[in-house]
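Just add 4 to wherever you are in the sequence shown, counting from 1, and you've got the numbering used here.
Structure, as structure tokens:
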Amino acid sequence: MLKYSCLNIISYFVKKNSNIWVFGAVRGKKYMDNSKYLFEYVNQNTDIEAVWLTSSSEVIDTISKKGYKVFDMNSINGIYYAIHAKIAIITHRGINDNSDLPFHCFSKETKIIQLWHGIALKKIGFDDKIDGFRQNELNLSYKIKQRLKQLILPYKEYVNNPSLLLALSTQSQNIFSKAFRVDKSSVKITGYPRNDILVKNKEKVDSKIQNIIYMPTFRNKSVLEFDITLIDNFLSKKGLMFYIKIHPFDKLSSLALTKIDNSKNIFILEVDDIYEKLSDFDILITDYSSIYFDYLLLNRPIIFAPFDKDTYLKNEREFYYEYEKITPGPHALNWTEVISCIDGFTENQNLYSKEREDIKNRFHKYQDNDSSKRVTNTILGMI
Numbered sequence: 005m006l007k008y009s010c011l012n013i014i015s016y017f018v019k020k021n022s023n024i025w026v027f028g029a030v031r032g033k034k035y036m037d038n039s040k041y042l043f044e045y046v047n048q049n050t051d052i053e054a055v056w057l058t059s060s061s062e063v064i065d066t067i068s069k070k071g072y073k074v075f076d077m078n079s080i081n082g083i084y085y086a087i088h089a090k091i092a093i094i095t096h097r098g099i100n101d102n103s104d105l106p107f108h109c110f111s112k113e114t115k116i117i118q119l120w121h122g123i124a125l126k127k128i129g130f131d132d133k134i135d136g137f138r139q140n141e142l143n144l145s146y147k148i149k150q151r152l153k154q155l156i157l158p159y160k161e162y163v164n165n166p167s168l169l170l171a172l173s174t175q176s177q178n179i180f181s182k183a184f185r186v187d188k189s190s191v192k193i194t195g196y197p198r199n200d201i202l203v204k205n206k207e208k209v210d211s212k213i214q215n216i217i218y219m220p221t222f223r224n225k226s227v228l229e230f231d232i233t234l235i236d237n238f239l240s241k242k243g244l245m246f247y248i249k250i251h252p253f254d255k256l257s258s259l260a261l262t263k264i265d266n267s268k269n270i271f272i273l274e275v276d277d278i279y280e281k282l283s284d285f286d287i288l289i290t291d292y293s294s295i296y297f298d299y300l301l302l303n304r305p306i307i308f309a310p311f312d313k314d315t316y317l318k319n320e321r322e323f324y325y326e327y328e329k330i331t332p333g334p335h336a337l338n339w340t341e342v343i344s345c346i347d348g349f350t351e352n353q354n355l356y357s358k359e360r361e362d363i364k365n366r367f368h369k370y371q372d373n374d375s376s377k378r379v380t381n382t383i384l385g386m387i
């Protein structure tokens, strides 16, 4: 804590350089999401000195091979750039040992750019009464501790009040402003940088259904169901491939992993950045993951599998919308019904196409591949 306080004090006396932008993502451990795509755009299209800061040696190796500037966030170089940067770009809200960037190196002169990491289907921030900021806010002892921390470590206060927060439409703009208690004027509708690659790759090489991806949302308590034997038999008959992408903060049981290893048509997709691969899949299956909002840009079938919706709503997260009205595709309540839905789409991929188009237009103001450009210009306009 003393180290953090000292660096924070030093930062107040260092003039910020508008040409230095530092980037981080997913609690400092990954190279992915909106930060990654904006970072690469800035490197390729501007004279800005863009620097990625991380706590992962793997990330350092990956970015170094691309020829971009990257440092350990706790190294001398990392601290130097963090203290001097005028712009700090993040995707999550963690502080200290669980943060995208070394926030203790910033001052009030540092502009925090919160790119965020999804459209809100599930309630977030202060709107989440089950597992969010609102729950902590109602706890008196927590409020006292937080206030003391803010007095001792002032950067905790301004880091959670970004100068810019990204949105994709008026829908997400209104939600983010309220959920994070950020003035609406600071929430700009630009589109997400990570979606540029989806739009670029949306044209399919083969018109047939071949590859299916299953992406369940993160769970704190409820158990993920998965009937591997049933699905594998169906896939064998149809000649289809089925990939599972578990949320980065979740995992499958060892028993499920063993069964998948023994199957012929089911695979675990082990990639950090799903956006590099998402256009490879012809059907998306999910329950409550907001990934489907982005997948709409590909104009491809989506199957919704809300097997445990009532339990999820009670124990995990509430929704902003009525689920049935915001999910443009068939709803399957078990794996037998999922299989039936897959079968239907192999016969006609245009099923639910109008519903998908309506939701896409509602949640995506921009459907081009210029979101990184818009975000960059918005930031430049701030400084």
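Glycine included, C-beta positions come from ideal geometry on N, C-alpha and C.
According to DSSP, residue i sits in a beta bridge with which residue or residues?
i: K208; result: Note: K208 sits in no beta bridge, so no partner.
i: K34; result: In DSSP, K34 forms no bridge with anything.
i: M245; result: N215
i: F75; result: L57
i: T290; result: F308
i: N49; result: None, per the DSSP bridge assignment.
i: K126; result: F323
i: L169; result: Q118 and V191
i: F27; result: W56 and I93
i: H335; result: F308
i: F271; result: Y247
i: N21; result: A89
Cβ of residue i within 8 Å of Cβ of residue j?
i: L172; j: V379; result: no
i: S39; j: I94; result: yes
i: S61; j: K33; result: no
i: P197; j: L42; result: yes
i: F367; j: I287; result: no
i: K206; j: S103; result: no
i: Q371; j: V186; result: no
i: Q214; j: L244; result: yes
i: F130; j: A183; result: yes
i: L317; j: F311; result: no
i: I272; j: I278; result: no
i: K369; j: I193; result: yes
i: F285; j: I216; result: yes
i: F246; j: L239; result: yes
i: I383; j: I117; result: yes
Near residue i, what residues of its chain come up, given a Cβ to Cβ distance below 8 Å and the 5 sequence neighbours on each side ignored?
i: V74; result: V55, W56, L57, T58, V63, I64, I67 and S68
i: I387; result: S22, K90, I91 and K115
i: K188; result: Q177, N178 and S181
i: E280; result: I201
i: H96; result: A29, V30, R31, S103, D104 and H121
i: G385; result: none
i: N81; result: F75
i: R138; result: Note that R138 scores 49 on pLDDT, short of 50, meaning its location in the model is unreliable and no value can be drawn from it.
Only counting the same chain, and skipping five residues up and downstream in sequence, which positions put a Cβ closer than 7 Å to that of residue i?
i: V342; result: I289, I307, A309 and A336
i: T114; result: K20, A89, K90 and A92
i: S376; result: Y41, L42, Y45, P197 and D200
i: Q175; result: R366 and F367
i: S267; result: I232 and D236
i: S15; result: I87, C109, F110 and S111
i: N47; result: A54 and Y72
i: W339; result: D231, L234 and I235
i: V191; result: L169, A171, Q177, F180 and S181
i: I83; result: L11, P106 and C109
i: K70; result: none
i: I52; result: N23, W25 and V46
i: N269; result: D236, L239, S240, L244, M245 and F246
Excluding five sequence neighbours on each side, which residues of the same chain lie with their C-beta closer than 6 Å to the C-beta of residue i?
i: S294; result: G122, I123 and L125
i: C345; result: I307, P334 and A336
i: F17; result: none
i: Y218; result: I248 and I289
i: H251; result: F222
i: I128; result: A183
i: N373; result: D200, V203 and K204
i: D347; result: none
i: N303; result: none
Report the CB separation of residue i from residue j in whole angstroms; it is logged as a contact under 8 Å.
i: V26; j: D37; result: With 8 Å as the limit, V26 and D37 do not qualify as a contact, their Cβ atoms being about 16 Å apart.
i: L105; j: M77; result: 6 Å
i: R321; j: I134; result: 6 Å
i: K313; j: Y325; result: Wrong, their Cβ atoms sit about 13 Å apart, outside the cutoff.
i: R360; j: L301; result: That belief does not hold up - the Cβ atoms of R360 and L301 are roughly 10 Å apart, past 8 Å.
i: D362; j: Y35; result: Not quite, the Cβ-Cβ distance comes to about 35 Å (not below 8 Å), so this is no contact.
i: P220; j: D132; result: No, P220 and D132 are not in contact; Cβ-Cβ is about 19 Å, not under 8 Å.
If you pair each beta-carbon of the region 355-364 with each one of the region 322-339, do three or more pairs fall below 8 Å?
yes
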